[in-house]
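Novice:
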DNA sequence: GGTCCGTCGTCTACATTGTAGACGGATGAG
DNA sequence: CTCATCCGTCTACAATGTAGACGACGGACC
C-alpha cells in the first residue's frame, strides 16, 4: 500500500527548490535555484512540464500574486509545496537515507 | 559540459544497494536491500532492466563467480559499481545536498 | 502611438527511465 | 523422469525528463 509511484529525480529537485524559497517561490527564482545547485541548465519546458505534473498530483499549488510587485503579472505566480508533496518528499528521502547508511565515506570522496 | 543526463531515481537506488553489499553484491541481495530500504516491491523486470542500462552506461560491471558457492551458477553474478558510477552518484548527491540545505527541519518532521 | 525586442508561460513532440509480467533455461525434489 | 521453483531475459508500455517552437505581454525606443 506504500506509494506506488515515486517522485522522479527532477520532481524532487523542483519540490526542494520551492521549499528553499519559502513564501517567495516565484518560477524564475525556483528555476535559478535549481540551476545553481545542480549546476546545469533547466529549460523552460522541462521546468513547467514538471511543475504541471506535480500540480496534477497535488504536490504543489500556486496562487496568483498581486501584479504590481514588479509590474509583470505573468511572472508573479507563487508556488508552494502541499502537505502531500512534503510527505512524498520525505518518503523518498527516507528510502535514500536507508540505502545510503554507512556509505558516507564512499560518497564523499571527491577523487583527485 | 556537465553531465547531460542524470541518474534516475531508481538507478541511484540500485547503485547504492550494490555499494551496500560491497564485494558480495549478488542480484538477489541487492534486490532485497532495495525492497527493504525503500519498503516497496521491486519486480525482476524493473530491476534487471535498470541494471542493464546502468551497465550500458558503464556505471556498473559484473563478473561471473565460481558456480559452487551455492550450487546455483546463474545466481552468482557479482555486481560492482564502477568509478564512473560512483562519480555520477556523487554528482547527484551533491545537487541534492545543495538543494536540501537548511531544509532538514522541514524534511524530518514525521507528521502525526 | 507604433514598432521592435526580450521575457514569460504554454504546448507539442520525443528521449529516457521506471515497471510489470510472460517466457525459457536450469536446478533440486520426489 | 516429471514437477515445482527460482533466476535472468525479453517485450511492451507507463511515467518522467527535456528541448524548442509558439504566442502573449509589457517595456524601450523612435
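Protein chains in written order, with my numbering: chain A, 1 to 112; chain B, 1001 to 1112. All residues carry an ideal CB built from backbone N, CA and C; glycine is no exception. Only a predicted model underlies this, so the values are computations on that prediction, with no experimental measurement involved.
1) Kindly say whether residue 1008 of chain B, judged by its beta-carbon, lies nearer than 9 Å to any beta-carbon of chain A.
2) Pull up the distance between the alpha-carbon of residue 14 of chain A and that of residue 59 of chain A, whole angstroms please.
3) Quick one, which of A:57, A:95, A:103 and A:102 has its alpha-carbon nearest residue 1010 of chain B's?
4) From A:56, A:77, A:53 and A:46, pick the residue whose C-alpha is nearest to that of residue 25 of chain A; which is it?
5) To the nearest angstrom, how far is it from the Cα of residue 1032 of chain B to the Cα of residue 1042 of chain B?
6) Per DSSP, which residues does residue 1079 of chain B bridge with? Please list them.
7) Among B:1049, B:1081, B:1047 and B:1046, which one has its Cα closest to the Cα of residue 1063 of chain B?
8) By the criterion of Cβ-Cβ separation under 8 Å, what are the contact partners of residue 106 of chain A in chain B?
9) Could you name the residues that DSSP lists as bridge partners for residue 6 of chain A?
10) Distance check for residue 1051 of chain B and residue 89 of chain A, CA to CA, integer angstroms please.
11) For a cutoff of 9 Å on Cβ pairs, would you count residue 1061 of chain B as touching chain A?
12) Could you tell me if residue 93 of chain A is buried or exposed, where buried requires 16 or more neighbouring beta carbons within 10 angstroms of its beta carbon?
13) Name, going along the chain, the residues of the segment 30-60 of chain A whose beta-carbon falls closer than 9 Å to a beta-carbon of chain B.
14) Use the C-beta contact count for residue 85 of chain A: other C-beta atoms within 10 angstroms, 16 or more gives buried, fewer gives exposed.
15) From the beta carbon of residue 16 of chain A, is the nearest beta carbon of chain B less than 9 Å away?
16) Just tell me which of A:61, A:39, A:19 and A:30 has its CA closest to the CA of residue 1104 of chain B.
17) Of all the CB atoms in chain A, is at least one closer than 9 Å to the CB of residue 1028 of chain B?
18) In terms of DSSP beta bridges, what is residue 26 of chain A paired with?
19) Buried or exposed, going by whether 16 or more other CB atoms sit within 10 Å of the CB of residue 1097 of chain B?
20) Who are the neighbours of residue 1098 of chain B on chain A, taking C-beta pairs under 7 Å?
Specialist: The relevant details are as follows:
1) yes
2) Cα to Cα, residue 14 of chain A sits roughly 11 Å from residue 59 of chain A.
3) A:95
4) A:77
5) Roughly 9 Å between the two C-alpha positions.
6) B:1062
7) B:1081
8) Within 8 Å Cβ-Cβ: 1019 and 1086.
9) Answer is none; residue 6 of chain A lacks a bridge partner.
10) Straight-line measurement puts the Cα of residue 1051 of chain B at about 25 Å from the Cα of residue 89 of chain A.
11) no
12) With 16 or more other Cβ atoms within 10 Å, it is buried.
13) 33, 34, 36, 37, 38, 39, 40 and 41
14) buried
15) Residue 16 of chain A counts as touching chain B.
16) The shortest C-alpha separation from residue 1104 of chain B is found at A:19.
17) no
18) A:78, per the DSSP bridge assignment.
19) exposed
20) 37
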